[in-house]
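Chemist:
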Amino acid sequence: MTSDNFVTIDGRQIPIEGEPNLLEVCRKANIDIPTFCYHSDLSVYGACRLCIVDIEGRGIVTSCSTAPEPGMVLRTNTEEIREMRKIAVELLLANHDQSCPTCARSSTCKLQGLARRLGIQEVRFKRTAKEAPIDRSSPSLVRDPNKCVLCGDCVRMCSEIQGIGAIDFANRGSQVTVGPAFGKELSGVECVYCGQCAAVCPTGAITPKSDVDDVWKVLEDPTKIVVAQIAPAVRVALGECFGLDPGVVTIGQIVAGLRAMGFDRVYDTCFAADLTVIEEGTEFLKRFVRGERMPQFTSCCPGWVKFAEQYCPDMLPNLSSCRSPQQMFGSLAKDVLPAEFGCEAKDLVVVSIMPCTAKKFEATRPEFERDSVRDVDFVLTTQELAQMIEGAGLQFGKLQPESLDLPMGFKTGAGVIFGNSGGVSEAVLRYAAEQVSGVKIEAPNFEMVRGTDGVREATINIAGHELRLAIVHGLGNARKLVERIRSGECDYHLVEVMACPGGCIGGAGQPIATDADVKARRTEGLYMADKMLQLHKSQENPYVAKAYETTLGEVGGEKAHSLLHTHYHSRKRIADEDIPFVTGEDLPKVRVRVCVGTSCFVRGSQELLKRLIGYIEENGLTDRVDVGATFCLERCNRGPSVAIGEEVFERCSFEQARDALAAQLGVVEVG
Amino acid sequence: MTPPVTTLEQTAAAYKQASEKAARRVVICGGTGCIANGALNVFEAFVEQVATAGLEAAVVLNEHTDHGSVLISMSGCQGFCQMGPLVTVEPDGILYTRVRPEDVAEIVEATLVRGEVVDRLLYVDPVEHTHCRGTAEIPFYQRQTRTVLAGCGVMDPEDIREYIANDGYVAARRAFTELKPETICEEITLSGIRGRGGGGFPTGRKWELTRIQPEGKKYVICNGDEGDPGAFMDRSVMEGAPHRVIEGMMIAARAIGADEGYIYVRAEYPLAVARMKKAVADAQAMGILGDDVFGTGLKLDLHVMEGAGAFVCGEETALIASIEGHRGMPSPKPPFPAQSGLWGKPTVINNVETLATIPLILNMGAAEFRRRGTEKSPGTKTFALTGHVANTGLIEVPFGTTLREIIFDIGGGITRKDGSIDPDGFKAVQIGGPSGGCLTEEHLDLPLDFDSLRGVGAMVGSGGLVAMNRNTCMVAMARFFMQFTQNESCGKCVLCREGTKQMLALLDDIVEGRADQGTLDILEKLAVAVQKGSLCGLGKTAPNPVLSTLRHFRAEYEAHVFQKRCPAGKCKALLTPEICAELCKGCGLCLRTCPVGAISGERKQPHVIDAAKCIKCGACVAACKFNAISGATS
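Order-wise, the sequence lines are chains A and B.
Everything in the first sequence is counted per this note's numbering, starting at 99 for the first residue and increasing by one.
Everything in the second sequence is counted per this note's numbering, starting at -19 for the first residue and increasing by one.
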């Protein structure tokens, strides 16, 4: 490196050390350049125009899209720059729903923060905002277009990191909006509810859906017994809402706070995570020995599970049948606790405290309900818990730590590290290694699965068996990995998938991260918590062992299966909508549906549909037949698929469809 | 792909031989303007009438063409759109204007049979009142230098053989078979040609930047997404000389090492799309494009792609996104397309006119090319001349021509509402469309080029020239263009999306009488911020109409703001119509037109307007045949 490899920022010489753009160099110089649309993990977008700097000889440029060059002289805070930033923020405010005090992001809104930083005391422009409807259709997220600043962070997060693209821009000019295709609701598209869009949203345009009011209601209801379970990642992040550093473990204060608010028992999801390790590890070893359905994918992450159901239905048999720790806890609690409290199952309320928005969706899945009683009744995010603590007037910093309730509050370190990407794999390895070798391992060390790369691979030798693992986080990475597995390009035994970057510690229910290193510090916090516990292997959790003895029976046995395992179903067919073409009346009718999904389309279903309609019209059968196009009859590799009445024809030709229809109508085929 | 069966020379010779057999040629202008005025019916009428008159009519030239026959063909835009449909008869050199199908029999009988001229269909000079026999006598053509447009109004754009017979594809062949890529880039750099699409970036440098990128897949793109209101130069070139555009692209492709290209034409130009598609297919069939260009073993495939109907897609990064199937939104530069363009590959993207100029440069040489135009802006430039001028149409002049020459010599002067010439009527010219600025009386003798225009707050832009007479309200004009950019903003960057909307709202306040000093202050501040801070060219230039009118017509803004008066009498909300008793003949037309019954008066007596009832709709002003009703004009 030459000595002149620096830029001069506001009179200070700052070395260039491989930063991709000037904005990063400014940040290194401890200058917080304002921006809405720059995120180091996402592509450079250059839309908010706030990160402008003045380069000598070049004038005003956006620092996010300008590479540093040796000798550049720039200023970041001139009269002109301040005025332009003010104008930009005022323009946004003029088009913004300014009901700030009642906004979920009231104290964490970047727009609000910038207006304050720039000293904006009035908006010189006319209010142009028009009220748009709020989308509350999703169980996890609320989308309020009136608060959107169109920075596109959510759009890029969803498509670039999560590989989904459930939302995108529509319309042009001042009519631009961000939303699902065709103006649909979030629940009507392929959103997996991971909430990463909300995590990067600078304002309150996409926020986790709050269940706080409902929880207060049950807490005050004397007929209800309310128990809480706390996910691993919550304990290293909640403190951030109360001025503590990321990674500081505050489980004791959380327990104290929950009790103070009226929770009858406070348990730990890490206990259920230990249970997951036993069940999932046993399932894995069984399949590994038989070479069955390899690789086994983890199933703890509800965002990933929904993603797999939508995009990888062929891989569903490979997903572990284990429920997630949240749901294992829920079904077990609903099974044993009513007897303990002497109440009916319907009066026992399970509240989960999760770092995750998809967990809200998971809790509503029909699989997780018995006799109309939900296994998990309410899911609160870390953010919501912080708000409840504040709302109850509890001074978090002054709460005296208390201990979790037994037995389901007892965990090993293996259950704690579930919150980190790689944690599930490491925990399973600690179990599997002993099971395979039959030898007790005093200090298990599988740290090779740790790390921050989006896709990590590890090969581990246990008692002569070679175990190949892959750990991915971010669903875009998962999609690529699945494609490589399908093509035979790679071959693993166990694949851990977490939807959120960094794993659960980076979940969308966590406090809004302000610094780039927040995730790393939370991750470190969980590994520290593991270190400080006496036990590190799930199989050593005595209360888990006891649960098998008293309630669950044999590991992987019948009772365990009914309480701790589940099944998945393909969601290729996202919306149950047909597009009507011919609508018959009066006489008994036959319903015809031609699949025009991608696979069937390329196999000529469109042409088939056209000819079929032609046939119906030519033969005067329009009163007898309802013909519709439909998206996906889920027989994609055997298309074109046509449903005639109740019967589905695969690899259907026009002649076949025509004859089947004629037969069902009882008309004599003439042509 | 089969190798070319004939050389360019063989094709040219065969075509010339056939064309010599034709005694006369009737060329009907097939530009969009003339077609809209019925040129296709005129064409049909000629085919029919020539046969009726007992002459041999030929529509396609080939070895079967009879000696002494009349060749009837269509051409691209001949430029004089105001006077269309245009019909040229060669070799007589006669130009008939405003020809209707019912005139055709007379033309055939008089000109084709007897060799006489039909005087009534000739262009009449509005000043000298003389009948002009052909283009050589018409001032509109006399003052132009038609090089890029040279073949446009003569050749049949759908016949590749005619293009070849006129030295077509010779430059491309030279580029592929004789010249090295670096030599081509050098020649283009030497010529000094600058991008005709608006920015004026040196084309040679753009090519060289792309050429020196590591070898591999590269693309050449022709930007035919001409979206400025009032501009139709690129459309005319694509419609009239599609092969010249292709030839330019071939030379560009050879210079940078591209083997694939896209011609991005806006979907609103169906004729240009059809002709470009046919031209590409014809060139492929002749082995000029394809897997073995001119037998060199080099490959070049061109695709014609229709735009999605967004103005912003004329911006190169947005255009590239659109080809890739993404939403047409610009992205920050760098990286420039030369480094990372279409699908991340080095890409040269040039405007239609630029590419159509390239073969000329190779044919005549850089030095000869530089003889036209100015030092920093060599060559000629086409403009679409519209607005309040006598002769609207497509023109081509060397850079350095003054506005006065364009408006008064070529355009024939400024017209009034009724079309008559008003010698003192000139008020301003909006140049460069919604991204440009306006020029005034003081700029009439400014030699136009890229730099002189930028110096006075305007730009060449794509070349739209809208002349405005003294009855034009400059605030309303700025508002019109702001409405356009506001609608066409892609909505990506804050300053453009929200800024154009707010500027429009502020201009609305001004033309509707709600403005004060604060309105003017914030309008100006906002305009500067949008200009300096927007992401792409559309946003950066969107405030130009506002800023240049504020600069040159501030008094007019102030009249609106402080006196609530529109000096041009155009802003309806500020209009208080008054009937001039001296001019009023008492015809009663205004009385009958007024939708709210605000006008009263006896027949043949001066009428009056009841200001309390008047809704300022302006219907009476428009209706009055005696110009007796005025707004608050001077």
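Ideal Cβ placement from N, Cα and C applies to all residues, glycine included.
None of the values given here were measured: they were computed from a predicted structure.
How would you write the range of the alpha helix (DSSP H) that A/Q79 sits in, first residue to last?
Modeler: A question about residue 79 of chain A goes unanswered here, because the residues of chain A that appear run from 99 up to 769.
Chemist: For the region 465 to 478 of chain B, which residues have a CB atom closer than 7 Å to at least one CB atom of chain A, in sequence order?
Modeler: Result list: Q466, N467, E468, S469, C470, G471, K472, C473, V474, L475, R477 and E478.
Chemist: By a C-beta neighbour count over all protein chains shown, 10 Å radius and 16 as the cutoff for buried, is B/W323 buried or exposed?
Modeler: Looking at its Cβ environment, which holds fewer than 16 other Cβ atoms inside 10 Å, B/W323 is exposed.
Chemist: Apart from the five residues just before and just after A/K404, which ones in its own chain have a Cβ nearer than 8 Å to its Cβ?
Modeler: Once the five neighbours on either side are set aside, the close Cβ partners of A/K404 are V290, Y291, A456, F459 and R669.
Chemist: Since A/V477 sits in a beta bridge, which residues does DSSP pair it with?
Modeler: According to DSSP, which records beta bridges pairwise, A/V477 is partnered with A/S450.
Chemist: Pop quiz: B/E248 and B/G308 are said to be a contact at Cβ under 8 Å. What is the actual Cβ separation, rounded to whole angstroms?
Modeler: Not really, about 15 Å apart at Cβ, beyond 8 Å.
Chemist: What residues are listed by DSSP as bridge partners for B/T395?
Modeler: B/I401, per the DSSP bridge assignment.
Chemist: If you reduce the DSSP assignment to three classes, tell me which class A/S636 lands in.
Modeler: Three-state DSSP puts A/S636 in a helix.
Chemist: Check whether the region 538 to 554 of chain A and the region 386 to 405 of chain A touch, using three or more Cβ-Cβ pairs below 8 Å as the test.
Modeler: Result no; under three Cβ-Cβ pairs closer than 8 Å.
Chemist: Applying the criterion that 16 or more other CB atoms from any shown protein chain within 10 Å of the CB defines a buried residue, is A/F280 buried or exposed?
Modeler: Exposed.
Chemist: Check whether the Cβ atoms of A/G737 and A/R689 sit closer than 8 Å, and answer yes or no.
Modeler: The answer is no: Cβ separation not under 8 Å.
Chemist: Pull the bridge partners of A/I394 from the DSSP assignment, please.
Modeler: Reading the sequence as shown, one finds Gln at residue 394 of chain A and not Ile. For A/Q394, which the question treats as bridged, DSSP gives the partners A/L592.
Chemist: Going along chain C, which residues have a C-beta under 8 Å from A/A145?
Modeler: Looking for chain C here will not work: the only protein chains present are A and B.
Chemist: Are there any heavy atoms of the ligand NAD lying less than 7 Å away from the beta-carbon of B/L189, as far as the coordinates show?
Modeler: No copy of the ligand NAD occurs in the structure displayed, which carries no ligand at all.
Chemist: What did DSSP end up calling B/S442 once you bin it into helix, strand or coil?
Modeler: DSSP places B/S442 in coil when its eight states are reduced to three.
Chemist: Can you give, in chain order, each stretch of the beta strand (DSSP E) that sits fully within the region 348 to 413 of chain A and has at least 3 residues?
Modeler: Qualifying beta strand (DSSP E) stretches, in chain order: 363 to 366.
Chemist: For A/S257, return the contacting residues in chain B, with the cut-off set at a CB-CB distance below 9 Å.
Modeler: Near A/S257 there are no residues of chain B at all, since even the closest Cβ is about 11 Å away, more than 9 Å.
Chemist: Give the DSSP-derived three-state secondary structure of B/T68 in the structure shown.
Modeler: Three-state result, B/T68: strand.
Chemist: Spatial neighbours of B/I329 within its chain, please: CB distance less than 6 Å, with the 5 preceding and 5 following residues excluded, ordered by chain position.
Modeler: Taken in chain order, the residues that qualify are I201, N203, E296 and P317.
Chemist: Alpha carbon to alpha carbon, what distance is there between A/V247 and B/D501?
Modeler: Rounded to the nearest angstrom, the two C-alpha atoms are 26 Å apart.
Chemist: Determine, using beta carbons only, whether B/S320 comes closer than 8 Å to chain A.
Modeler: Not one chain A Cβ lies under 8 Å of B/S320.
Chemist: Does the separation of the CB atoms of A/C734 and A/S697 fall below 8 Å?
Modeler: The answer is yes: Cβ separation under 8 Å.
Chemist: Using a C-beta cutoff of 8 Å, does B/R662 count as contacting chain A?
Modeler: With chain B covering only -19 through 614, there is no way to say anything about residue 662 of chain B.
Chemist: For chain B, check one thing: does any of its Cβ atoms lie closer than 8 Å to the Cβ of A/S272?
Modeler: Output row for A/S272: interface = yes.
Chemist: In chain order, what residues of the region 119 to 141 of chain A put their CB closer than 7 Å to some CB of chain B?
Modeler: Listed by position, the residues of the region 119 to 141 of chain A near chain B (Cβ gap below 7 Å) amount to none.
Chemist: Express the C-alpha separation of B/Q410 and A/L62 in angstroms, rounding to a whole number.
Modeler: There is no way to answer for residue 62 of chain A, as the model of chain A reaches only from 99 to 769.
Chemist: Which parts of the region 243 to 298 of chain B are runs of the alpha helix (DSSP H), unbroken and 4 residues or longer, counting only runs that do not cross its ends?
Modeler: Listed in chain order, they are 250 to 265.
Chemist: So, with DSSP's three-state summary, where would you put B/S302?
Modeler: Residue state, collapsed to three classes: helix.
Chemist: Got a sec, what are the start and stop residues for the beta strand (DSSP E) A/A76 sits in?
Modeler: Chain A is shown only over 99 to 769; residue 76 of chain A falls outside these bounds and no answer can be derived.
Chemist: Taking 8 Å as the threshold, find out whether the region 358 to 377 of chain A comes into contact with the region 499 to 516 of chain A through three or more Cβ pairs.
Modeler: Taking 8 Å as the limit for Cβ pairs, the verdict is that the region 499 to 516 of chain A does touch the region 358 to 377 of chain A.
Chemist: With respect to the beta strand (DSSP E) encompassing B/Q410, which residues constitute its N-terminal and C-terminal limits?
Modeler: Taken as a continuous stretch (DSSP letters only), the beta strand (DSSP E) holding B/Q410 covers F406 to I411.
Chemist: Would you please state the rounded distance, in angstroms, between the beta carbons of B/V217 and B/C132? I believe it to be under 8 Å.
Modeler: With a Cβ gap of about 7 Å, B/V217 and B/C132 count as contacting.
Chemist: Do A/Q424 and A/S450 have their beta-carbon atoms positioned less than 8 Å apart in this structure?
Modeler: Yes, they are a contact pair.
Chemist: Decide yes or no for the touch test of the region 391 to 402 of chain B against the region 177 to 190 of chain B: beta carbon pairs closer than 8 Å, at least 3 of them.
Modeler: They do not touch, by the three-pair rule.
Chemist: What does the Cβ neighbour count give for A/N639, buried or exposed, with the cut at 16 atoms within 10 Å?
Modeler: So A/N639 counts as buried.
Chemist: Does B/K512 have its Cβ less than 8 Å from a Cβ in chain A?
Modeler: B/K512 counts as touching chain A.
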